[in-house]
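Residue numbers (the UniProt record's numbering), protein chains in the order written: chain A, 1 to 399; chain B, 1 to 399.
Ideal placement from N, C-alpha and C gives every residue a C-beta, glycine not left out.
Single-structure report; data block below.
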């Protein structure tokens, strides 16, 4: 059996994701699609809109065959580490290819770019260093360096586009890992008129969908933009928790934590670059809501996403020390499977290099305990008292 | 001018407190009554029912002339340190006597007891040590040792009574400080029929009063048990915050903090004796409310009060290291004054050994910053966003 891997967040699942999964299957000719999915906190440093079980359910209902959890340490990391964790898990579970959505829509420019940067590594590093010195954010410095390097050349990926950047990190991670997975990309369909018409699928942005649910609008109208099954699952999720995950909802706990810890403690958390701790502390004193807080903290140097990742780590109490203590994924945690997925697991079980974990109780190492802890913190943010959910929810099966 | 000092919490102010203040004035023949009052957290390890400004207002309305804040580090400490902080402040502000309520109602037995324990210090320590070895709580061990020591003697204070114990600590603190203040005591009137009739003042327990306010009962009926001014102040307080301070209300933040920190971190907080951290952590996982939590954690060795003090320190992030870093009160923070109080301050200003502080902005040392921090945490517990209250509220004046 041949598997294609995708790296996803499904926050929440919509037609764009459906298109990605279907195209990945078609392009790769694979028998099944395996998704590595972020857990309770996401790469942009946000609590997930719906918990990982609801998001797994949406994925299975839409035809994904296996859902594996991307551990907290990778799911909430900068793009390169996010990619490293995702690719390593797809490799470990035996995918023969991986497929990502990109603005580019073709793989050749990525391969060209990767080769160029490998051959001009020293020059590239120097250009990044120079750009950082001007005080711009790291992502912007990468852009500037790349632009300078490709200025007189052609046929390279446009790395100013967010999905192209992430795709490029996937290729880089696969190469560093010595992976034999074939890289594939499909044209990403954005939430705009022409894209949607071409693909025959009306696409709404995930942000728009989340807003519609928060407002309690007649969410049935969203059925043009996402599977009916996803809508039903989100409604169940709202019934369970009475709300959805968001920084605004989590802000009272975050604020208390920032004020309780104070600047000296804040410095120890992952991604909290020395020097910003006082600004974080002072901003929490006056900001009554998360948007007001972010507005006070963000700057040319520190993007919203970067600050949100800091807040995620402050919220969970995840330190620089912990961040630096992990070398790569230590287990494959199964969140859900279809009948095809189950069949696949039976076939390849003996060849998997990492332990396959179905129950949280079997997560004994620090990386796994961190996933359990992240769930505990996430559930507290939702005001949930059901701390046992992490332990009692088995992998979801959809036959 | 002659001042008598009292050490109070006013949680909230009721007729028993009124009686205490009036008797202190009468017994001492003083021109004014000075109260050292706990700030936002109390000696039993609880958030105050009303904030320190409301409690100051109630005290001034009932005739107290000066209200001084007992710093967090003493207000939330075990009885001996609580007494040490309170007595040191009364001494520093020039009181010629101090007066406490006791079940004993006469000072001679206290002086006898103090002399006995001083003369038999080694034997007493040995008896305490022996009693602790049996696994009982420290307060109970003190009782057992004292009982053994006074078994064949007469004329000593009954140190099984809570207010007698506290009074004894006041005497001990005054003696250690070399204070020349005259110790006075008055019979404490409890919330029971005979006591109340004798004193001509109907007394309700502070617990009963708090419950009545929480239930939103017709609180006007409480006017038999507390001054009308106190009722009015508490109503204002409820209008300001929408609630009153209580562990049940603070529990979601406490629970999040306990779960976020985990056992290893919890050990570092003041009064969290090594070995109990796991029980605290595990109990927070399952207990959905504070009463359920306390029921899981308390034991023969660790009383409810002791555990509540641990929770106070966990809530504020106050560590063993901080606890051990203070030698005695470093300032006199003025919360409120009457015209007589103001006159007194003008008279004695030059003789005061500690800095007299009217504005939080002048609290520059670690002890004062801790009081400001405790207020920030307390206000977060009440869901208040008005973090500036601590800085902008001047001492309350009641002419």
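Original post:
Under 8 Å between the Cβ atoms of residue 342(B) and residue 61(B)?
Top reply: Here residue 342(B) refers to the residue found at position 342 when the second chain is read from its first residue. Here residue 61(B) refers to the residue found at position 61 when the second chain is read from its first residue. Not in contact: residue 342(B) and residue 61(B) (Cβ atoms no closer than 8 Å).
Subject >> Beta-bridge partners of residue 67(A), as assigned by DSSP >> reply: Position 67 of the first chain, counted from the first residue, corresponds to residue 67(A). Answer is 35(A) and 336(A).
Original post:
Taking a cut of 9 Å between CB atoms, which residues from the stretch 301-329 of chain B lie near chain A?
Top reply: Within the stretch 301-329 of chain B, contact with chain A at the beta-carbon level (separation under 9 Å) is assigned to 315, 316 and 317.
Original post:
If you compare alpha carbons, which of 105(B), 167(B), 338(B) and 10(B) is closest to residue 233(B)?
Top reply: Here the question's residue 233(B) lines up with position 233 in the second chain. Cα-wise, what sits closest to residue 233(B) is 10(B).
**OP:** Would you mind telling me which residues of chain A sit closer than 9 Å to residue 380(B), beta carbon to beta carbon, in chain order?
**Re:** Numbered from 1 along the second chain, position 380 holds the residue referred to as residue 380(B). For residue 380(B), the residues of chain A that pass the 9 Å Cβ criterion are 252, 255, 256, 259 and 260, in the order they occur in the chain.
Original post:
Should residue 323(A) and residue 270(A) be called a contact, given that it needs their Cβ atoms to be closer than 8 Å?
Top reply: Translated into the one-based positions of the first chain, residue 323(A) becomes position 323. Translated into the one-based positions of the first chain, residue 270(A) becomes position 270. Taking 8 Å as the Cβ cut-off, residue 323(A) and residue 270(A) qualify as a contacting pair.
Original post:
Are the beta-carbon atoms of residue 82(A) and residue 90(A) separated by less than 8 Å?
Top reply: Your numbering for residue 82(A) matches position 82 in the first chain. Your numbering for residue 90(A) matches position 90 in the first chain. With contacts defined by Cβ atoms closer than 8 Å, residue 82(A) and residue 90(A) do not form a contacting pair.
**OP:** Tell me whether residue 97(A) sits in a helix, a strand or coil according to DSSP, three-state version.
**Re:** Here residue 97(A) refers to the residue found at position 97 of the first chain. Correct three-state label for residue 97(A): strand.
Subject >> the stretch 126-146 of chain A / the stretch 49-57 of chain A touching (three or more Cβ pairs under 8 Å) >> reply: Touching, no.
Original post:
Distance, Cα to Cα, residue 224(B) vs residue 34(B)?
Top reply: Taking the second chain and counting its residues from 1, one reaches residue 224(B) at position 224. Taking the second chain and counting its residues from 1, one reaches residue 34(B) at position 34. Residue 224(B) and residue 34(B): Cα-Cα distance of roughly 25 Å.
**OP:** Determine, using beta carbons only, whether residue 385(B) comes closer than 8 Å to chain A.
**Re:** Position 385 of the second chain, counted from the start, is the residue given in the question as residue 385(B). Chain A, which has a Cβ nearer than 8 Å to the Cβ of residue 385(B), makes this yes.
Original post:
Which residues of chain A have a Cβ atom closer than 8 Å to the Cβ of residue 377(B), listed in chain order?
Top reply: Here residue 377(B) refers to the residue found at position 377 of the second chain. Correct list: 256, 259 and 260.
Original post:
Going straight from the alpha carbon of residue 260(B) to that of residue 361(A), what length do you get?
Top reply: Residue numbering aside, residue 260(B) sits at position 260 when the second chain is read from its first letter. Residue numbering aside, residue 361(A) sits at position 361 when the first chain is read from its first letter. Between the alpha carbons of residue 260(B) and residue 361(A) lies a gap of roughly 19 Å.
Subject >> Neighbour list for residue 288(A) in chain B, Cβ cutoff strictly below 9 Å >> reply: Numbered from 1 along the first chain, position 288 holds the residue referred to as residue 288(A). Ordered by position in chain B, the residues that pass the 9 Å Cβ test against residue 288(A) are 385.
Original post:
Taking just the CA atoms, how far does residue 205(B) sit from residue 190(B)?
Top reply: The sequence position of residue 190(B) within the second chain is 190, counting from 1. The sequence position of residue 205(B) within the second chain is 205, counting from 1. Roughly 8 Å separates the two Cα atoms.
Subject >> Cut-off 8 Å between Cβ atoms - residues of its own chain near residue 219(A), not counting five sequence neighbours on either side >> reply: Indexing the first chain from 1 puts residue 219(A) at position 219. Cβ neighbours of residue 219(A) within its own chain (closer than 8 Å, five residues either side excluded): 212, 213, 231, 234 and 235.
Original post:
Does DSSP put residue 7(A) in a helix, in a strand, or in coil?
Top reply: The sequence position of residue 7(A) within the first chain is 7, counting from 1. The answer is strand: DSSP assigns residue 7(A) an E or B state.
Original post:
Does the beta-carbon distance from residue 52(A) to residue 345(A) come in below 8 Å?
Top reply: Translated into the one-based positions of the first chain, residue 52(A) becomes position 52. Translated into the one-based positions of the first chain, residue 345(A) becomes position 345. No, the pair does not count as a contact, with Cβ atoms beyond the cut-off.
**OP:** State whether the stretch 292-303 of chain A contacts the stretch 273-282 of chain A, with contact taken as three or more CB pairs (one from each stretch) at a distance under 8 Å.
**Re:** With a cut-off of 8 Å on Cβ pairs, the stretch 292-303 of chain A is in contact with the stretch 273-282 of chain A, counting three or more such pairs.
Original post:
How about residue 50(A) and residue 42(A): are their beta carbons less than 8 Å apart?
Top reply: As a first step, residue 50(A) must be located in the first chain, where it is residue number 50. As a first step, residue 42(A) must be located in the first chain, where it is residue number 42. Contact: no.
Subject >> Candidates 186(A), 155(A) and 177(A): closest to residue 167(A) by CA position >> reply: As a first step, residue 167(A) is located in the first chain; it is residue number 167 there, counting from the start. Nearest option by C-alpha distance: 186(A).
Original post:
By the 10 Å Cβ neighbour count, where 16 or more other Cβ atoms means buried, how is residue 123(B) classified, buried or exposed?
Top reply: Counted from its first residue, the second chain places residue 123(B) at position 123. Around the beta carbon of residue 123(B), fewer than 16 other beta carbons lie within 10 angstroms, which makes this residue exposed.
Subject >> Spatial distance of residue 25(A) from residue 311(B) (CA atoms) >> reply: As a first step, residue 25(A) is located in the first chain; it is residue number 25 there, counting from the start. As a first step, residue 311(B) is located in the second chain; it is residue number 311 there, counting from the start. C-alpha separation (whole angstroms): 54 Å.
Original post:
Are the stretch 101-108 of chain A and the stretch 157-174 of chain A touching by the rule of at least three beta carbon pairs closer than 8 Å?
Top reply: Under the 8 Å Cβ criterion, the stretch 101-108 of chain A counts as touching the stretch 157-174 of chain A, having at least three qualifying pairs.
Subject >> Reference residue 272(B); option with closest CA among 119(B), 215(B), 382(B) and 306(B) >> reply: Residue numbering aside, residue 272(B) sits at position 272 when the second chain is read from its first letter. The residue with the shortest Cα to Cα distance from residue 272(B) is 306(B).
Original post:
Which two residues bound the contiguous alpha helix (DSSP H) that contains residue 296(B)?
Top reply: Position 296 of the second chain, counting from 1, holds the residue named residue 296(B). DSSP places residue 296(B) inside the alpha helix (DSSP H), whose first and last residues are 290-297.
**OP:** At 4 residues or longer, and completely inside the stretch 104-156 of chain A: list those alpha helix (DSSP H) runs for me, N to C.
**Re:** Listed in chain order, they are 108-119, 121-133 and 138-149.
**OP:** Excluding the 5 residues preceding and the 5 following residue 304(B) in the sequence, name in chain order all residues of the same chain whose CB lies nearer than 7 Å to its CB.
**Re:** Numbered from its first residue, the second chain carries residue 304(B) at position 304. Cβ within range, chain order: 294 and 298.
**OP:** Can you have a look at residue 318(B) and say buried or exposed, based on whether 16 or more other CB atoms are within 10 angstroms of its CB?
**Re:** Start at 1 with the first residue of the second chain, and residue 318(B) comes out as number 318. In the assembly as shown, residue 318(B) is a buried residue. Its beta-carbon has 16 or more other beta-carbons within 10 Å.
**OP:** Quickly, what does DSSP pair residue 182(A) with across the bridge? List them, please.
**Re:** Residue 182(A) sits at position 182 when you count from the first residue of the first chain. In the DSSP output, where bridge partners are listed per residue, residue 182(A) has 97(A).
Subject >> C-alpha distance - residue 438(A) paired with residue 302(A), whole-angstrom precision >> reply: With chain A running from 1 to 399 in the structure shown, residue 438(A) is simply not present.
Original post:
Would you say residue 171(B) and residue 183(B) are within 8 Å of each other, going by their C-beta atoms?
Top reply: The count along the second chain starts at 1 and reaches residue 171(B) at position 171. The count along the second chain starts at 1 and reaches residue 183(B) at position 183. With respect to residue 183(B), residue 171(B) sits close: the two C-beta atoms are nearer than 8 Å.
Original post:
How about residue 18(B) and residue 65(B): do their beta carbons lie closer than 8 Å?
Top reply: Taking the second chain and counting its residues from 1, the one referred to as residue 18(B) is at position 18. Taking the second chain and counting its residues from 1, the one referred to as residue 65(B) is at position 65. Going by C-beta atoms, residue 18(B) is not nearer than 8 Å to residue 65(B).
Original post:
What's the gap between the Cα of residue 143(A) and the Cα of residue 159(A)?
Top reply: In the first chain, residue 143(A) corresponds to position 143, counting from 1. In the first chain, residue 159(A) corresponds to position 159, counting from 1. Residue 143(A) and residue 159(A): Cα-Cα distance of roughly 7 Å.
Subject >> Backbone secondary structure at residue 82(A) - three-state DSSP >> reply: Here residue 82(A) refers to the residue found at position 82 of the first chain. Helix at residue 82(A).
**OP:** Could you name the residues that DSSP lists as bridge partners for residue 396(A)?
**Re:** Against the first chain, residue 396(A) aligns to sequence position 396. DSSP lists 336(A) as the bridge partner or partners of residue 396(A).
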